[in-house]
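Using the numbering used here, you'd call the opening residue of the sequence shown number 4 and step up by one each time.
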Amino acid sequence: MLRKIKYAIYYLLIQWLPNTKFIPVFNLIRVFYLDRILGILDGKENALFENRIYISNGDNVKIGMGSHINEYVFIQGASIGKYVMIAPHVSILNSTHSFDSPDVPMIKQAVSSGNNPVICDDVWIGRGAIIFPGVVVGQGAIVGAGAIVNKDVTAYSIVGGVPAKYIKMRPGYE
4 MLRKIKYAIY
14 YLLIQWLPNT
24 KFIPVFNLIR
34 VFYLDRILGI
44 LDGKENALFE
54 NRIYISNGDN
64 VKIGMGSHIN
74 EYVFIQGASI
84 GKYVMIAPHV
94 SILNSTHSFD
104 SPDVPMIKQA
114 VSSGNNPVIC
124 DDVWIGRGAI
134 IFPGVVVGQG
144 AIVGAGAIVN
154 KDVTAYSIVG
164 GVPAKYIKMR
174 PGYE
C-alpha cells in the first residue's frame with residue numbers, strides 16, 4: 004500500500020513539476036524522489052530528469068548514475084546504465100500483446116511482460132525512438148531519432164531507421 008502511495012505522489016505531483024529550463028530546483032526534487040523515495044536510481048550524481056516521465060510502477064526500472072532523461076519519456080521497464088542520454092518522446096517497452104490465435108480477439112490474448120530492455124552505459128537515444136522488449140543497446144551506442152529498435156545494437160555503433168539498421172561505428176571504434 005505504501006508503495007502505491009509513493010507512486011501516486013509521483014504521478015499526481017512530482018512528474019508535473021515544471022521543466023528545469025525554467026526553474027532548475029525542480030530537477031533536484033525529481034532526482035531526490037526517484038532516488039530516495041522510489042529507489043530506482045543508482046546514485047543521483049549529475050542526474051537530470053525532466054517533467055512528465057512515465058516510469059511504470061518502478062518494479063522493472065533501474066537507472067544508472069548521471070543519466071539524463073528528457074520530458075515525455077515512457078519507460079515500461081528497463082535496466083538503464085550510467086551516463087545515458089534519452090531525448091524527448093522516447094518509448095522503452097517491456098511487454099507486448101500476443102496475436103497467435105486468429106479466433107480470439109487480440110485484446111483477449113495474453114500479454115507478455117517483464118522482458119526488460121537493457122541500455123548499457125554511455126548510450127544516446129534520439130528523439131522519438133522506440134526500444135522494443137528484450138533488446139540490448141550496447142555500451143556507447145547511438146540510436147537515431149525516430150528509430151524503432153527491435154534487435155540488439157552492437158556497442159559503439161550508430162543505428163537508425165524503421166526498423167533500426169546499422170549505419171556505422173562511432174569514430175575511434177571502427
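Using N, Cα and C, we set each Cβ at its ideal position, and we do this for glycine too.
Only a predicted model underlies this, so the values are computations on that prediction, with no experimental measurement involved.
Item, Value
"Unbroken beta strand (DSSP E) runs of length 3 or more, entirely within the segment 78–164: which are they?", "81–83 and 160–163"
"Since Ile134 contacts Val152 with CB under 8 angstroms, what's their CB separation in whole angstroms?", "5 angstroms"
"For the segment 102–115 and the segment 63–74, state whether three or more C-beta atom pairs, one from each stretch, are separated by less than 8 angstroms.", "no"
"Measuring alpha carbon to alpha carbon, tell me which residue in Val138, Cys123 and Gly164 is nearest Ala144.", "Cys123"
"Buried or exposed: Trp127, going by 16 or more other Cβ atoms within 10 Å of its Cβ?", "buried"
"Assign Phe29 to one of three DSSP states: helix, strand, or coil.", "helix"
"Can you look up Val34 in the DSSP assignment and give me helix, strand or coil?", "helix"
"Kindly give me the distance between the Cβ atoms of Ser115 and Thr99, rounded to whole angstroms, as I take these residues to be in contact under 8 angstroms.", "6 angstroms"
"With H, G and I counted as helix, E and B as strand and the rest as coil, what does DSSP make of Tyr10?", "helix"
"Shortest alpha-carbon distance to Tyr86 belongs to which of Ile95, Asn49 and Gly80?", "Asn49"
"Between the Cα of Ala150 and those of Val165, Ala11 and Pro27, spot the shortest distance and give me the residue it belongs to.", "Val165"
"Can you name, in chain order, every residue of its own chain whose Cβ lies under 8 angstroms from the Cβ of Leu20, other than the five neighbours on each side?", "Phe29, Ile32, Arg33 and Asn54"
"Which partner residues of Lys171 appear in the DSSP bridge assignment?", "Ile161"
"Any heavy atom of the ligand GTP closer than 6 angstroms to the CB of Val156?", "Here there are no bound small molecules, and the ligand GTP is not part of this structure."
"Considering only DSSP beta bridges, list what Gly67 is partnered with.", "Asp45"
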